[in-house]
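Per numbering that gives the first Met the number 0, the very first residue in the sequence shown carries number 0; after that it's consecutive. Beta carbons: idealized from backbone N, C-alpha and C, even for Gly. As the structure is a computational prediction, the values presented were derived from the model and not from experiment. Following: one structure in structure tokens, then a few remarks.
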Amino acid sequence: MTIHLEVAVAAPLFQSLTYSCRTDQEPPPVGVRILVPLGRQRVTGYVLGQQPEAKECGYTIRPYLRLLDDQPLFPANMVPFFRWLADYYHFPLGEVIKLALPGGLTLRSRKELALSPEGRASLDPDLLQQQPAADQPISARQQKNLAQLGEAERQLINDLLSKGSLSASASQGLLRSGAKGLIGSWQRQGLVTLEETLTPPAIKVKREWCLAPCHGPRPEKLKKSQSKTLTLLHELSQPGQQGQVPRRDLTKVYKGAGPAIKELASLGLLHLSERELFRDPFGERPPFFAKPETLTAEQEEVLARIKPAVAEGKFSPFLLHGVTGSGKTEVFLRAAETALAKGRSVLVLVPEIALASQIEGHFFSRFGDKIAILHSGMAAGARFDQWRRIARGEAPIVIGARSAIFAPLPDPGLIIVDEEHDPAYKQEDSLRYQARDLAVLRASQQGATAILASATPSVTSFHNAQQDKYKLLTMTKRVGAHPLPQVEIVDLKGVKTVSGRPPLFSPQLMAGLKENLAAGNQSLVFLNRRGFANLLLCADCGETIKCPHCAITLTLHKGKNRLLCHYCDHQAASKPICPSCRSPRIKEMGFGTERLEEELRTALPEARLARLDRDTATKRADFLAILKKMHKQEIDILVGTQMIAKGHHFPHVTLVGLVWADAGLSFPDFKAGERTFQLIAQVTGRAGRGDKAGRVLIQSYQPDHYAVQMARAHDFQGLYEREISLRQTLRYPPFARLINVKFSGLSEEATRACAEQCAAMARSWGQQKELEILGPAPAPIARLRERFRFQLLLKGWHLPSLQALAHHLRHQPPPAVRQDKVRMTLDVDPDTML
0 MTIHLEVAVA APLFQSLTYS CRTDQEPPPV GVRILVPLGR QRVTGYVLGQ QPEAKECGYT
60 IRPYLRLLDD QPLFPANMVP FFRWLADYYH FPLGEVIKLA LPGGLTLRSR KELALSPEGR
120 ASLDPDLLQQ QPAADQPISA RQQKNLAQLG EAERQLINDL LSKGSLSASA SQGLLRSGAK
180 GLIGSWQRQG LVTLEETLTP PAIKVKREWC LAPCHGPRPE KLKKSQSKTL TLLHELSQPG
240 QQGQVPRRDL TKVYKGAGPA IKELASLGLL HLSERELFRD PFGERPPFFA KPETLTAEQE
300 EVLARIKPAV AEGKFSPFLL HGVTGSGKTE VFLRAAETAL AKGRSVLVLV PEIALASQIE
360 GHFFSRFGDK IAILHSGMAA GARFDQWRRI ARGEAPIVIG ARSAIFAPLP DPGLIIVDEE
420 HDPAYKQEDS LRYQARDLAV LRASQQGATA ILASATPSVT SFHNAQQDKY KLLTMTKRVG
480 AHPLPQVEIV DLKGVKTVSG RPPLFSPQLM AGLKENLAAG NQSLVFLNRR GFANLLLCAD
540 CGETIKCPHC AITLTLHKGK NRLLCHYCDH QAASKPICPS CRSPRIKEMG FGTERLEEEL
600 RTALPEARLA RLDRDTATKR ADFLAILKKM HKQEIDILVG TQMIAKGHHF PHVTLVGLVW
660 ADAGLSFPDF KAGERTFQLI AQVTGRAGRG DKAGRVLIQS YQPDHYAVQM ARAHDFQGLY
720 EREISLRQTL RYPPFARLIN VKFSGLSEEA TRACAEQCAA MARSWGQQKE LEILGPAPAP
780 IARLRERFRF QLLLKGWHLP SLQALAHHLR HQPPPAVRQD KVRMTLDVDP DTML
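Printed below as a string of structure tokens:
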């Protein structure tokens with residue numbers, strides 16, 4: 000009987016496909032990759048399961064070509080999870096799985112042009128350098144085509160004729176050029192072939208040779224190198240490793256061992272074997288944290304509710320609202336112990352890679368090699384190795400950023416989302432998922448306990464707790480009874496200006512930094528903007544220096560001596576000329592963390608300063624080095640962006656200064672107030688976590704704004720009540736659901752017209768379903784990476800109706816979308832309107 004497989008292919012298809020197994024093939028298990036034919040191409044497919052034998056359907060079911068994995072890359076119980084994702088976020092199923100898996104695994108089908116034997120015999124390699132001879136198979140029309148080709152096209156044809164073939168990229172370039180007709184006619188004449196090739200995967204299993212001495216007497220007559228190699232092999236053998244020593248370890252100690260190893264193996268004196276080698280994801284081992292002997296009363300109370308839920312093995316969602324420094328991490332660790340004792344696994348999500356390195360130290364100290372790390376900052380090979388360890392059940396604890404929600408844990412019993420409020424959990428391109436929401440979904444599908452934790456929960460999550468969708472747990476006191484820091488607000492409107500502008504540091508903040516430095520304490524200075532100057536202005540005509548590809552001003556990075564676009568990474572010289580009037584008189588306006596650092600070095604030359612942002616911590620090692628210096632008190636003042644704002648425990652920091660606390664209030668976003676409160680509260684929480692009291696100075700242009708005032712008072716409940724009232728009035732989440740339909744194109748007029756056509760279609764549909772259609776309007780960033788951007792907001796109270804409209808627009812888009820002139824993407828539950 001023929002076995003049929005349900006397969007999701009790595010292609011923009013929303014449905015799965017059916018392939019058959021040949022009678023001489025074992026059916027591949029769920030979760031492995033296979034190579035399948037798709038039209039004239041060969042693509043990667045992901046096995047979702049077997050299907051009943053198909054009835055007579057009028058078409059042939061093609062067999063899959065070959066197996067690509069020796070073991071499944073994801074368990075069968077993740078298939079419903081992937082299906083839900085594809086349906087909810089309107090994304091092709093195979094592309095969902097491709098993005099979930101480690102990068103570099105997908106085989107790509109490419110086509111290369113080559114001369115056939117007939118072409119090699121009849122086409123002269125110097126055809127373009129001379130008048131074609133009479134015996135050349137070149138028609139008059141083809142000669143005319145050759146004469147009209149550009150220099151680049153002529154060079155490619157010359158390479159084809161002289162070398163006999165072209166690479167895949169060169170072949171694509173030629174087939175898309177004006178030479179397409181000529182190449183087509185040569186193909187029809189049998190002079191040129193278009194051969195399909197497969198690019199190998201970018202990553203693969205890494206292996207190493209290992210040596211083990213064979214038992215038995217050693218011969219009396221051995222070469223000196225052979226005898227020394229055997230002696231070292233015995234010395235390097237470790238108990239518990241079956242005497243196996245990696246070949247590289249032996250040759251590192253004794254370079255002459257290479258030839259001796261082959262000779263000893265041929266004499267039967269040592270055994271050679273190959274084993275899989277895991278690439279180290281840490282680089283440097285995390286610091287050790289001892290297990291506390293006692294817990295606080297609040298920690299005991301919270302665990303008394305979490306542990307039974309974990310042990311019971313049923314879906315239980317909790318929202319843990321604990322103030323900064325209340326010991327939430329220890330709650331995670333004790334809950335993880337319970338899950339492991341039940342034979343189940345643990346998934347821990349953190350919003351940023353920087354925080355992953357902080358929390359992994361706690362888990363590594365408690366659980367050792369049972370943990371695996373997954374995040375985008377890892378090398379592709381190391382990430383692939385960690386994925387395989389997880390899939391094989393060798394690492395029951397996974398820690399990572401948002402993409403770790405796809406970790407192939409076969410039976411997760413506990414899923415933790417630390418700093419659950421953080422916007423970094425939302426993926427803003429490609430598959431636009433919200434990892435926090437997926438954590439709750441995955442816990443519900445697999446009978447796990449979910450803990451969403453934060454000192455400043457999102458308004459939506461707290462509302463869910465108020466509606467009993469989540470079980471609310473609270474921790475109001477810091478470990479060790481340390482008080483929350485004293486918070487003061489500095490009104491920047493009342494600060495004396497310098498050359499018409501307020502100074503970066505108010506007299507109060509500068510005095511506080513000097514006093515803290517004199518007392519031998521550490522300080523944090525926070526500004527959520529990197530670079531030296533974020534606005535460059537022409538002194539003659541007032542024109543700003545913008546990115547040529549985006550509607551965004553360039554930021555000066557003085558250390559790099561470059562102007563950078565923080566959206567498309569465009570770079571320019573640091574001393575530009577005005578594009579409007581050609582004046583060289585450019586003023587540096589605005590500021591970022593780089594400028595803060597420079598001004599502090601001038602004002603406090605005796606202070607040991609460091610800066611922590613994306614420019615100074617591009618690598619994990621750089622980030623860890625700065626953290627280590629902070630903990631060793633080798634840094635007096637740390638300047639940084641939001642990388643220093645969350646989760647870090649700096650016991651010697653007693654002063655925190657927020658240079659421009661309310662910058663986010665100017666964003667066109669209904670969550671601006673909530674996010675400003677969260678950021679201020681999180682940064683504030685870094686102060687006073689040790690034996691000394693903490694102090695916070697907030698510089699603000701809007702000191703009376705409710706978000707600033709409630710952050711000063713550590714009043715989350717007040718912030719929640721204000722925000723929930725506003726959103727209920729305006730009918731924004733959690734009282735409505737949103738889908739942002741985004742359009743982008745190279746032509747502004749064509750993109751606007753397409754958005755308007757889509758809006759008309761949506762309004763026609765929405766009137767019957769009581770949906771609200773807002774827009775279309777230019778996006779706040781109206782041009783990005785050369786493309787003009789418009790957006791259309793779909794708003795509704797009945798999610799199935801809203802999703803039905805999105806499904807309708809996806810399947811019947813405006814003509815410009817079908818013709819690939821305009822891109823249309825659906826962002827379900829958008830986290831920002833930018």
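Exposed or buried, what is GLU299 when buried is set at 16 or more other beta-carbons lying within 10 Å of its beta-carbon? GLU299 should be labelled exposed.
My parser needs the alpha helix (DSSP H) runs of 4 or more residues fully inside the segment 708-743; what are they? The segment 708-743 is shown to contain whole alpha helix (DSSP H) runs of 4 or more residues at 715-729, in chain order.
For LYS476, collect the residues of the same chain with a Cβ closer than 8 Å to its Cβ; drop the 5 residues on either side in sequence, then sort them by chain order.
Result list for LYS476: THR295, GLU297, VAL322 and SER325, in chain order.
Which parts of the segment 42-126 are runs of the beta strand (DSSP E), unbroken and 3 residues or longer, counting only runs that do not cross its ends?
Runs found: 107-114.
- request: Check whether the Cβ atoms of ALA256 and LEU266 sit closer than 8 Å, and answer yes or no.
  value: In this structure, LEU266 does not lie closer than 8 Å to ALA256 by Cβ.
Can you give me the C-alpha to C-alpha distance between ARG41 and VAL35, rounded to a whole angstrom? For ARG41 and VAL35, the distance between alpha carbons rounds to 6 Å.
If I follow the unbroken beta strand (DSSP E) through THR473, where does it start and stop?
Per DSSP, THR473 is one residue of the beta strand (DSSP E) stretching across 470-474.
Worksheet item: How far does the beta strand (DSSP E) with MET588 in it reach, from first residue to last?
Response: Unbroken beta strand (DSSP E) run through MET588: 585-588.
Note to self: So, at 6 Å on beta carbons, what are the nonlocal neighbours of GLY717 in its own chain, with the 5 sequence-adjacent residues on each side left out?
What the structure shows: These residues qualify, in order along the chain: MET709.
Practice item. Excluding the 5 residues preceding and the 5 following SER579 in the sequence, name in chain order all residues of the same chain whose CB lies nearer than 8 Å to its CB. Key: If we look at SER579 and ignore the five residues flanking it on each side, its Cβ neighbours are CYS537, CYS540 and GLU542.
Inset, instruction - Go to SER315, then tell me how far its beta strand (DSSP E) extends in each direction, as first and last residue. - result: Boundaries of the beta strand (DSSP E) around SER315: 315-321.
Leaving out the 5 sequence neighbours to the left and right, which residues in its chain are closer than 6 Å to MET823 when beta-carbon positions are compared?
-> Cβ within range, chain order: PHE742, PRO812 and VAL816.
field: For PRO829 and ILE772, the rounded distance between their alpha carbons
entry: The alpha-carbon atoms of ILE772 and PRO829 are separated by roughly 15 Å.
Q | the segment 299-308 contacting the segment 371-386, beta-carbon criterion three pairs below 8 Å | A | No, the segment 299-308 does not touch the segment 371-386.
On the three-state DSSP scale, how would you describe GLU596?
GLU596: helix per DSSP, three-state reduction.
*From PRO51 to THR1, what distance separates their C-alpha atoms?*
Taking the straight line joining both Cα atoms gives about 9 Å.
**Study point:** THR455 classed as buried or exposed, judged by whether at least 16 other C-beta atoms fall within 10 angstroms
**Key:** Answer is buried; the Cβ neighbour count reaches 16.
Practice item. Can you grab the Cα-Cα spacing for the pair ILE553 / HIS565, in whole Å? Key: Sequence inspection shows Leu at residue 553; the Ile mentioned does not correspond to that position. Within the model, the alpha-carbon separation for LEU553 versus HIS565 is close to 8 Å.
Beta-carbon proximity of PHE383 to PRO101, cut-off 8 Å:
A contact, by the Cβ cut-off of 8 Å.
- request: Less than 8 Å between the CB atoms is what I'm expecting for ALA754 and PHE787, so what's the real figure, rounded?
  value: Contact between ALA754 and PHE787 is absent: CB atoms are separated by about 10 Å, not below the 8 Å threshold.
If you reduce the DSSP assignment to three classes, tell me which class SER375 lands in. Residue state, collapsed to three classes: coil.
Check: How about THR496: is its Cβ closer than 7 Å to a heavy atom in the ligand ATP?
Finding: Within the structure as shown, the ligand ATP is missing, as the structure has no ligands at all.
Three-state secondary structure (DSSP) of TYR705 | Secondary structure of TYR705 (DSSP, three-state): helix.
Check VAL6 in the structure and name its three-state DSSP category. VAL6 falls in the strand class under three-state DSSP.
Are the CB atoms of VAL244 and LEU210 nearer to each other than 8 Å? Yes, the pair counts as a contact, with Cβ atoms nearer than the cut-off.
- Looking only at DSSP bridge pairs, what is CYS580 linked to? Listed as beta-bridge partners of CYS580 by DSSP are no residues whatsoever.
- Task: Check the DSSP bridge columns for THR552 and list the partner residues they point to.
- Result: LYS545, per the DSSP bridge assignment.
Check: Opposite TYR18 in the DSSP bridges: which residues?
Finding: Per DSSP, LEU4.
* Under 8 Å by Cβ, that's how I've got LEU348 and VAL416 pegged, so tell me the actual separation to the nearest angstrom. => The Cβ separation is near 5 Å, so the contact holds.
query = Since ASP436 is in the alpha helix (DSSP H), which residue starts that stretch and which ends it?
reply = Residues 434-444.
Quiz item: Straight-line CA distance for SER184 to LEU190?
Solution: Using only the alpha carbons, I get a separation of about 9 Å.
**Item:** Cβ neighbours of PRO316 in the same chain (closer than 6 Å, five flanking residues each side left out)
**Value:** VAL439, ALA449 and TYR469, listed in sequence order.
### Query
Does the distance from the CB of SER170 to the CB of LEU112 come in under 8 Å?
In contact: SER170 and LEU112 (Cβ atoms closer than 8 Å).
- Message: So VAL827 and LEU791 are supposed to be a Cβ contact under 8 Å. How far apart are they, rounded?
- Response: Their Cβ separation, rounded to whole angstroms, is 13 Å, which puts VAL827 and LEU791 out of contact at 8 Å.
inquiry  = Going residue by residue through the segment 210-241, where are the continuous alpha helix (DSSP H) segments of at least 4 residues, counting only ones entirely within it?
reply    = Unbroken alpha helix (DSSP H) runs of no fewer than 4 residues, entirely contained in the segment 210-241, are found at 223-235, following chain order.
* Are the Cβ atoms of ALA671 and GLY663 separated by less than 8 Å? -> Yes, Cβ-Cβ distance for ALA671 and GLY663 is below 8 Å.
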